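Engineer:
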Amino acid sequence: MMGFFNKLFSGHHGGGRGHHGGHYRDSDHNRSYGNGYNTPRPANLVACASCGCANQPGARFCQQCGTSMVATQCTKCSTVIAPSARFCGSCGQARG
Numbered sequence: 009m010m011g012f013f014n015k016l017f018s019g020h021h022g023g024g025r026g027h028h029g030g031h032y033r034d035s036d037h038n039r040s041y042g043n044g045y046n047t048p049r050p051a052n053l054v055a056c057a058s059c060g061c062a063n064q065p066g067a068r069f070c071q072q073c074g075t076s077m078v079a080t081q082c083t084k085c086s087t088v089i090a091p092s093a094r095f096c097g098s099c100g101q102a103r104g
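All residue numbers for the sequence shown refer to this note's numbering, where the first residue is 9 and numbers rise by one.
#1: With distances taken between CB atoms, is the gap from A90 to A79 smaller than 8 Å?
#2: Once you ignore the five residues that flank T75 on each side, which residues in its own chain have a CB closer than 8 Å to its CB?
#3: Quick one: what's got a C-beta closer than 6 Å to S98's C-beta in the same chain, skipping five residues either side?
#4: Tell me Q81's beta-bridge partners as DSSP assigns them.
#5: Do you know how far the Cα of G100 is from the Cα of A51?
#6: Given a cut-off of 8 Å on the beta-carbon distance, is the pair Q64 and L53 in contact?
#7: Please decide whether V54 counts as near chain B, where near means a Cβ-Cβ distance under 8 Å.
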């Protein structure tokens, strides 16, 4: 009977290791895995120029924001215009 009272009144902190018995300290719980911003993308994915979302190669539109992923030619000077550009960088023509 005395053992019961000792357990009951001695606390539940597992020998001074805190409420969780110290298992968090020894596990992967506190390990830092980074914030994800510096994690390199796989080489075969293409980043959207507008939102940065990773898209499959050959995608015509961004799966996150819908921005066109296909470059076009300027209707005035035939310079290739980046998918995110609204105007031609060479002559200033609005993207058609």
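All C-beta atoms, glycine included, are put in the ideal place defined by N, C-alpha and C. Treat the numbers as computed from the prediction; the structure is a model and nothing was measured.
Structural biologist: Reading from the atomic positions:
#1: A79 sits close to A90, with the two beta carbons spaced by under 8 Å.
#2: C56, A57, S58, C59, F69, P91 and S92, listed in sequence order.
#3: Excluding sequence neighbours, S98 sits near C85 and T87.
#4: V88
#5: 33 Å
#6: Yes, the pair counts as a contact, with Cβ atoms nearer than the cut-off.
#7: Going by chain labels, chain B is absent from the structure shown, which holds only one protein chain.
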